[in-house]
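The structure appears below as structure tokens.
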Amino acid sequence: MGSVVLENSDSSTHELSVVVKRYGEVIHEENHVLEAGSSEQVPLREPGSYSVTVALDGETVAKRESLTRTDKCREWRLSFGVSSDGELKKSRGVACLQ
Numbered sequence: 009m010g011s012v013v014l015e016n017s018d019s020s021t022h023e024l025s026v027v028v029k030r031y032g033e034v035i036h037e038e039n040h041v042l043e044a045g046s047s048e049q050v051p052l053r054e055p056g057s058y059s060v061t062v063a064l065d066g067e068t069v070a071k072r073e074s075l076t077r078t079d080k081c082r083e084w085r086l087s088f089g090v091s092s093d094g095e096l097k098k099s100r101g102v103a104c105l106q
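Numbers given in the working numbering equal positions in the sequence shown, counted from 1, plus 8.
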């Protein structure tokens, strides 16, 4: 169905606190330690309304999306991460993979 992609573009290791909710119910709550230049994925197994919150050193970003499976889009990706200057970032939209 899709995934939340966590990326670290910085040259240092960072710990991201990630909470994923589906229709308001927490389905994933974990701290992810990302080495420099690494990435991880949190799978989203079903269509639905998702809320994703990612925190780094007191800074928080959040995104809400309704994800549905269509013929044109079989997999969705929501991206979050640490920029090369060490700041928390989120993608502007949802990437659709066919």
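Every residue gets a Cβ at the ideal spot worked out from N, C-alpha and C, and that includes glycine.
**Report entry** Integer Cβ distance of residue 57 from residue 46, believed to fall under 8 Å
**Finding:** In fact, because the Cβ distance is near 29 Å, the residues do not count as touching under 8 Å.
Query raised in the report: Does the segment 13–32 come close enough to the segment 89–100 that 3 or more CB-CB pairs lie under 8 Å?
Result: yes
Query raised in the report: Is the beta carbon of residue 13 sitting closer than 9 Å to the one on residue 85?
Result: yes
Query raised in the report: So, does the CB of residue 13 fall closer than 9 Å to a CB anywhere in chain C?
Result: Absent from the structure: chain C. Only one protein chain is present.
Report task. Quick one: grab the DSSP three-state call for residue 99. Result -> coil
Query raised in the report: To the nearest whole angstrom, what separates the beta carbons of residue 10 and residue 67, a pair I think is in contact under 8 Å?
Result: About 25 Å separates the two Cβ atoms, so there is no contact after all.
Query - DSSP-derived helix/strand/coil call for residue 54 - result: coil
**Report entry** Same chain, Cβ closer than 6 Å to residue 62, neighbours up to 5 away in sequence not counted
**Finding:** 24, 26, 69, 88
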